[in-house]
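J.: Sharing a structure with you now.
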Amino acid sequence: MATGDIQQGTLALMVLKTLDVLGPQHGYGIARRIEQISGDQLSLNQGTLYPLLLKLEHEGAIASEWGPSENNRRARFYRLTRAGQKQLRSELENWNHTADIIARFITMNAETNS
């Protein structure tokens, strides 16, 4: 499944949660972790991820700084900010609320209509 098949807000939630769990990561590390957690059902490319990282940074949800990667190349590392932690909590609450509503429809049968 390509990331075009999921909503941008959902990908933002995945990025924020990844940074929350793993701490500072460079873009490639974020992409690989999301792909890994999805069981390789999502495929992220730079054209999808980096504009989102810039947007999240512009909004103040993440911050970045340059540092050495695992292979000593210069890479931009992203980290969750306090505002990003607050945004993550809010988005998780919204996601769980929406999932609960959808679950009601999925489990609906003729008996629940009365």
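Position 104 of the sequence shown, counting from 1, maps to 101 under the working numbering, and the rest follow consecutively.
All C-beta atoms in this analysis are idealised placements derived from N, C-alpha and C, irrespective of residue type, glycine included.
What do you get for R79, buried or exposed, if any count of 16 or more other CB atoms within 10 angstroms of its CB means buried?
T.: Exposed, by the Cβ-count rule.
J.: Here's the rule I'm using: 16 or more other beta-carbon atoms within 10 Å means buried, otherwise exposed. How should R30 be labelled?
T.: By the neighbour-count rule (16 or more Cβ atoms within 10 Å), R30 is buried.
J.: If you run the structure through DSSP and keep just helix, strand and coil, what is L46?
T.: Residue state, collapsed to three classes: helix.
J.: How would you write the range of the alpha helix (DSSP H) that A72 sits in, first residue to last?
T.: Element bounds for A72: not the alpha helix (DSSP H) but the beta strand (DSSP E), 71 to 77.
J.: For A(-1) and E88, what's the separation of their Cα atoms in angstroms?
T.: Because A(-1) sits at a pLDDT of 49, beneath the cut-off of 50, its placement in the model cannot be relied upon, and the following sentence gives the value as read from the coordinates. In a straight line, the C-alpha of A(-1) is about 22 Å away from that of E88.
J.: Evaluate the contact criterion for the stretch 89 to 97 versus the stretch 27 to 47: three or more CB pairs, one atom per stretch, below 8 Å.
T.: No contact exists between the stretch 89 to 97 and the stretch 27 to 47.
J.: If you reduce the DSSP assignment to three classes, tell me which class G66 lands in.
T.: The sequence shown places Ser at residue 66, not Gly. Coil, per DSSP.
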